[in-house]
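*Asks:*
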Amino acid sequence: MSRNQKNTGFRLRNHLSFLPLFRKHHRSVDLPAYYIGKWNFTDDLNGRIHVLQITEPLDVLIDGRKLPGKIVHLDEKELLFLDNYGYHLRVDLSEHKPISLFDEADNQVYPVTRCETLQTNDPASEK
């Protein structure tokens, strides 16, 4: 039999697929879920703390304002958002958690931390 011909004979793997060793590994990963949430980052130029929010339908908001644009790439390492001006925002993951935001327009990388609590202006919530 030549190298170009397929061997269609008996394959042990096909008959032992019930064993964990011989199973094909298909992980169903919900990649967007890693990015969804609210994240703080600080602008070092003015010291202001901003909130990056990524919603369930993968809208990107900064300080509560939806950014016009679209997500052009999403994988287990990064989410890449292209705004209407042609600049990218990149959210980097490590261990399934966002760790930084790169803003191409400012050429800056901002470390991000998950927002622990929601800030409200309700005086009753301050008691």
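Position one of the sequence shown corresponds to residue 234 (my numbering), numbered consecutively onward. Quick reminder that beta carbons are idealized off the backbone N, C-alpha and C, glycines included.
#1: Here's the rule I'm using: 16 or more other beta-carbon atoms within 10 Å means buried, otherwise exposed. How should V204 be labelled?
#2: Looking only at its own chain, which residues have a Cβ that is under 6 Å from the Cβ of I304, when we skip the five neighbours before and after it?
#3: Give me the Cα-Cα distance between E289 and V342, rounded to the nearest whole angstrom.
#4: Looking only at its chain, what residues have a beta carbon closer than 6 Å to the beta carbon of P331, apart from the 5 residues adjacent to it on each side?
#5: Mind checking L278: buried by the 16 CB within 10 Å criterion, or exposed?
#6: Sorted by chain position, which residues of the same chain lie with C-beta nearer than 8 Å to G270's C-beta, five sequence neighbours on each side aside?
#7: Just confirm the distance between the C-beta atoms of Y268 and L322, as a whole number of angstroms; I'd bet it's less than 8 Å.
#8: Skipping 5 residues on each side, what residues in its chain have a beta carbon closer than 6 Å to that of E328?
#9: Where do the ends of the beta strand (DSSP E) carrying Y343 lie?
#10: For the alpha helix (DSSP H) containing P265, name the first residue and the last one.
#11: Write down the C-beta distance between D276 and V284 rounded to the nearest angstrom, noting that I regard them as a contact closer than 8 Å.
#12: Report, in whole angstroms, the separation of the C-beta atoms of L300 and D316, which I expect to be a contact under 8 Å.
#13: Taking DSSP as the reference, what is the three-state secondary structure of H306?
*Replies:* Result, derived from the coordinates:
#1: Beyond the ends of the chain as shown, which are 234 and 360, falls residue 204; an answer cannot be given.
#2: Position 71 of the sequence shown, counted from the start, is the residue given in the question as residue 304. Only L291 and F314 meet the Cβ criterion.
#3: As a position in the sequence shown, residue 289 is number 56, starting the count at 1. As a position in the sequence shown, residue 342 is number 109, starting the count at 1. Approximately 24 Å, taken between the alpha carbons.
#4: Here residue 331 corresponds to residue number 98 of the sequence shown, with the count starting at 1. Answer for P331: W272, V324 and V345, listed in chain order.
#5: In the sequence shown, counting from the first residue as 1, residue 278 sits at position 45. Exposed, since its Cβ has fewer than 16 Cβ neighbours within 10 Å.
#6: Within the sequence shown, numbered from 1, the residue matching residue 270 stands at position 37. Q286, I287, P331, R347 and C348, listed in sequence order.
#7: The residue you call residue 268 lines up with position 35 of the sequence shown. The residue you call residue 322 lines up with position 89 of the sequence shown. Not a contact, Cβ separation roughly 12 Å.
#8: Numbered from 1 along the sequence shown, position 95 holds the residue referred to as residue 328. For E328, where only same-chain residues beyond five positions count, there are no Cβ hits under 6 Å.
#9: Translated into the one-based positions of the sequence shown, residue 343 becomes position 110. Q341 to P344 is the extent of the beta strand (DSSP E) around Y343.
#10: Working through the sequence shown from its first residue, we reach residue 265 at position 32. From DSSP, the alpha helix (DSSP H) with P265 extends over L264 to Y268.
#11: What you label residue 276 is simply residue 43 of the sequence shown in a count that begins at 1. What you label residue 284 is simply residue 51 of the sequence shown in a count that begins at 1. Rounded, the Cβ-Cβ distance is 12 Å, inconsistent with contact.
#12: Here residue 300 is taken as the residue at index 67 of the sequence shown, counted from 1. Here residue 316 is taken as the residue at index 83 of the sequence shown, counted from 1. Between D316 and L300 the Cβ distance is about 6 Å, and since that is below 8 Å, they are a contact.
#13: Reading the sequence shown from its first residue, position 73 is the one you call residue 306. H306 falls in the strand class under three-state DSSP.
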